[in-house]
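A.B. asks: Sharing a structure here in structure tokens format.
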Ligand code: XMP
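Numbering (the numbering used here), first residue to last: 771 to 1097.
Spelled out as structure tokens, the structure:
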């Protein structure tokens, strides 16, 4: 039997009871596989890696070493939530690395989007590798949040390395407990494991994070304005019941300024651009019709609460022609 093929008769996990049965089965299998050895996991805070963490904590407790690398491009409160849920609520063995300065120093002055992506991706692996080296010898397993679509997309070839790029002298056996599950099943399992709704329903967030939404060369002040404006958008969409209904929504701040008037004086500050899309597979996307009063409230709040933003615009471009992200 191909371990990377979902059996035809595998029941789709849609209920807490089915999730519990999956959890019981996996906990037993993981204990048998891991024994008294240790497991390493790069925990991004995304749905898949969080569910794998919760599952492994259930199975082997503090034998799981979670490494959360904060690249300084996370959304507001995200790393704090990872620490709170995993360390405080689940008693996880969590290594938190605040690598903000390393990433932002490397990115200073770099405007080209693909170069920004490469720098962020390569530095991420470097930071994780440093942590992996510290535990090398004590750790035999590397857990990954691979899910079934990752396997399908890689044509059965094992190219789905979420933390790929580790040097060859660091050899770990892979542990991929949710690799036969679809995204909706991972969410049901996450809920049954007690993860908070905001983590289980977390919308897709690109690996390079806010780095590709702070357009052009990233500066700390503009990144901070973006983070605050994005937090207001998320809070208001959440309060309006749109979380989980609108597929992805976020703020973009371009590296240009617009004129405004603040307190009777001329202001020359950044615009914030709101992007909200619905999609099934992210290959095409449409812009949902949104409540005008909600959009006005968000606009007013961003203008009043976020220093450096003097204008709010809404992006109505479908994909194609526009991609979902701006960079
Ligand atoms: P685009 O902009 O290509 O985005 O229409 C489609 C989906 O992919 C996400 N995205 C990324 N995810 N690394 C990622 O992990 C990236 O570099 C990246 N770029 C885009 C985007 O957020 C959307 O969900």
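Glycine included, C-beta positions come from ideal geometry on N, C-alpha and C.
Per DSSP, residue 835 is paired with what?
C.D. replies: Sequence index remark: in the chain shown, residue 835 carries index 65 (1-based). Answer is 810 and 863, bridged to residue 835.
A.B. asks: For residue 971, which option in 791, 820 and 857 has the closest C-alpha, if you only look at C-alpha atoms?
C.D. replies: Walking along the chain shown from the start, residue 971 turns up at place 201. Looking at the Cα atoms, 820 is the closest of the given residues.
A.B. asks: Helix, strand or coil for residue 789, going by three-state DSSP, please let me know.
C.D. replies: Taking the chain shown and counting its residues from 1, the one referred to as residue 789 is at position 19. Correct three-state label for residue 789: helix.
A.B. asks: Thinking C-alpha only, which one of 817, 1003, 778 and 836 is nearest residue 865?
C.D. replies: Reading the chain shown from its first residue, position 95 is the one you call residue 865. That would be 836, whose Cα lies nearest to the Cα of residue 865.
A.B. asks: Starting from residue 1018, follow the beta strand (DSSP E) in both directions and report where the run begins and ends.
C.D. replies: By one-based count along the chain shown, residue 1018 stands at place 248. Where residue 1018 is concerned, the enclosing beta strand (DSSP E) stretches over 1018-1022.
A.B. asks: Within a Cβ cutoff of 6 Å, which residues of the same chain sit near residue 1043, ignoring the five residues on either side of it in sequence?
C.D. replies: Within the chain shown, the letter at position 273 stands for residue 1043. 1022, 1083 and 1085, listed in sequence order.
A.B. asks: So is residue 915 buried or exposed if we call it buried at 16+ other beta carbons inside 10 Å?
C.D. replies: The residue labelled residue 915 in the question sits at position 145 within the chain shown. Residue 915 comes out buried.
A.B. asks: Helix, strand or coil: how does DSSP classify residue 858 here?
C.D. replies: The count along the chain shown starts at 1 and reaches residue 858 at position 88. Residue 858 falls in the helix class under three-state DSSP.
A.B. asks: Report the option in 874, 979 and 918 whose CA atom is closest to the CA atom of residue 952.
C.D. replies: Looking up residue 952 in the chain shown gives position 182. Considering only alpha carbons, the answer is 918.
A.B. asks: Which residues have a Cβ closer than 7 Å to any heavy atom of the ligand XMP, listed in chain order?
C.D. replies: 887, 974, 975, 976, 977, 978, 982, 1018, 1052, 1055, 1089, 1093, 1094 and 1095
A.B. asks: Measure the Cβ-Cβ separation of residue 1067 and residue 1006 and say whether it is below 9 Å.
C.D. replies: Counting from one through the chain shown, the residue named residue 1067 turns up at place 297. Counting from one through the chain shown, the residue named residue 1006 turns up at place 236. In contact: residue 1067 and residue 1006 (Cβ atoms closer than 9 Å).
A.B. asks: Measuring straight from C-alpha to C-alpha, what distance separates residue 1093 and residue 855?
C.D. replies: As a working note, residue 1093 is residue 323 in the chain shown. As a working note, residue 855 is residue 85 in the chain shown. Spanning the two alpha carbons is a distance of roughly 33 Å.
A.B. asks: Just to confirm, are residue 1001 and residue 973 a CB contact at a threshold of 9 Å?
C.D. replies: Start at 1 with the first residue of the chain shown, and residue 1001 comes out as number 231. Start at 1 with the first residue of the chain shown, and residue 973 comes out as number 203. Not a contact, by the Cβ cut-off of 9 Å.
A.B. asks: How big is the Cα-Cα spacing for residue 930 and residue 1065?
C.D. replies: For the purposes of this step, residue 930 is identified with residue 160 of the chain shown, where counting begins at 1. For the purposes of this step, residue 1065 is identified with residue 295 of the chain shown, where counting begins at 1. Interpretation of residue 930 is limited by its pLDDT of 41, a score under 50 that renders its predicted location unreliable; the figure taken from the coordinates is listed afterwards. Spanning the two alpha carbons is a distance of roughly 39 Å.
A.B. asks: Express the C-alpha separation of residue 908 and residue 782 in angstroms, rounding to a whole number.
C.D. replies: In the chain shown, counting from the first residue as 1, residue 782 sits at position 12. In the chain shown, counting from the first residue as 1, residue 908 sits at position 138. Those two C-alpha atoms are separated by around 36 Å.
A.B. asks: May I have the straight-line CA-CA distance separating residue 927 from residue 1071, to the nearest angstrom?
C.D. replies: As a first step, residue 927 must be located in the chain shown, where it is residue number 157. As a first step, residue 1071 must be located in the chain shown, where it is residue number 301. Low confidence applies here, because residue 927 scores a pLDDT of 47, under 50, leaving its location unreliable and the question unanswered by this model.
A.B. asks: With 16 as the cutoff for other CB atoms within 10 Å, does residue 815 come out buried or exposed?
C.D. replies: In the chain shown, the residue the question calls residue 815 occupies position 45. Its Cβ being crowded by 16 or more others within 10 Å, residue 815 is buried.
A.B. asks: Per DSSP, residue 1056 forms a beta bridge with which residues?
C.D. replies: Along the chain shown, read from residue 1 onward, the residue named residue 1056 stands at position 286. The partner list for residue 1056 (beta bridge, DSSP) reads 1048.
A.B. asks: Who are the near neighbours of residue 1049 in its chain, counting only those whose CB is closer than 6 Å to its CB and skipping five residues on each side?
C.D. replies: Locating residue 1049 in the chain shown gives position 279, where the first residue counts as 1. Its chain contains 1017 and 1055 as the residues whose beta carbon lies nearer than 6 Å to that of residue 1049, once the 5 sequence neighbours on both sides are disregarded; these appear in chain order.
A.B. asks: Our contact map puts residue 959 next to residue 792 with C-beta atoms below 8 Å; I'd like the distance itself, whole angstroms only.
C.D. replies: Residue mapping note: residue 959 aligns to position 189 of the chain shown, counting from 1. Residue mapping note: residue 792 aligns to position 22 of the chain shown, counting from 1. Rounded, the Cβ-Cβ distance is 6 Å, consistent with contact.
A.B. asks: Using 8 Å for Cβ pairs, my map puts residue 947 next to residue 825. What's the rounded Cβ distance?
C.D. replies: What you label residue 947 is simply residue 177 of the chain shown in a count that begins at 1. What you label residue 825 is simply residue 55 of the chain shown in a count that begins at 1. Yes, they are in contact, since the Cβ atoms of residue 947 and residue 825 sit about 5 Å apart, within 8 Å.
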